[in-house]
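Worksheet: one structure, shown below.
Numbering (full-length UniProt numbering), first residue to last: 1 to 174.
Pasting the structure below:
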């Protein structure tokens, strides 16, 4: 080829991706998969689903999608609560048989399995408390959160002085 007919440089292998589903259908499927506990990252890696950047753009610009996403996450907290009960009630593999030196078998607690189950429960409790704080959060967390969301009023220097004087007077009475 002459110099003027050289092909344009390539930036590397193109990412092949099948065409994503219609946005409305994809959005509904995303909500369902989130409720079932799948991450946005793994959802977007599925064949035919939109990219993560597209989903993030929908979250930023589409109030209806954002509301559906938030509702799906809240319902996921219910899934986590169900899983906590299942994990806690499942004693499978908590005990194991161990052979002694004399050839007899003992049934002993498998501490590693119990600790793994505890970690799974604690992780789900933590996440459920963040996703649905009014239902699963610690009550002290709620009180602090309520204070943070209370409207704040700017006080003038005079109002601050009056309040400080009242506070000092109440301390002197005691």
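Ideal placement from N, C-alpha and C gives every residue a C-beta, glycine not left out. Note that the structure is a prediction, hence the values are computed from the model and not measured.
At what residues does the beta strand (DSSP E) containing residue i begin and finish?
| i | result |
| --- | --- |
| residue 130 | It is not in any beta strand (DSSP E) - residue 130 instead sits in the alpha helix (DSSP H) that spans 111-131. |
| residue 100 | Here residue 100 belongs to no beta strand (DSSP E), and DSSP marks it neither H nor E. |
Going straight from the alpha carbon of residue i to that of residue j, what length do you get?
| i | j | result |
| --- | --- | --- |
| residue 68 | residue 124 | 22 Å |
| residue 31 | residue 72 | 6 Å |
| residue 169 | residue 163 | 10 Å |
| residue 45 | residue 53 | 12 Å |
| residue 108 | residue 91 | 13 Å |
| residue 106 | residue 129 | 40 Å |
| residue 115 | residue 50 | 38 Å |
| residue 88 | residue 78 | 16 Å |
| residue 39 | residue 165 | 54 Å |
For residue i, list the residues DSSP reports as bridge partners.
| i | result |
| --- | --- |
| residue 89 | Bridge partners of residue 89: none, in fact. |
| residue 106 | 98 |
Compare the beta carbon distance of residue i and residue j with 8 Å and say whether it is the shorter of the two.
| i | j | result |
| --- | --- | --- |
| residue 74 | residue 119 | no |
| residue 110 | residue 94 | yes |
| residue 127 | residue 80 | yes |
| residue 84 | residue 121 | yes |
Quick one: give me the first and last residue of the alpha helix (DSSP H) that residue i is part of.
| i | result |
| --- | --- |
| residue 29 | 23-35 |
| residue 49 | Unbroken run through residue 49: none, as it is neither H nor E. |
| residue 42 | 40-44 |
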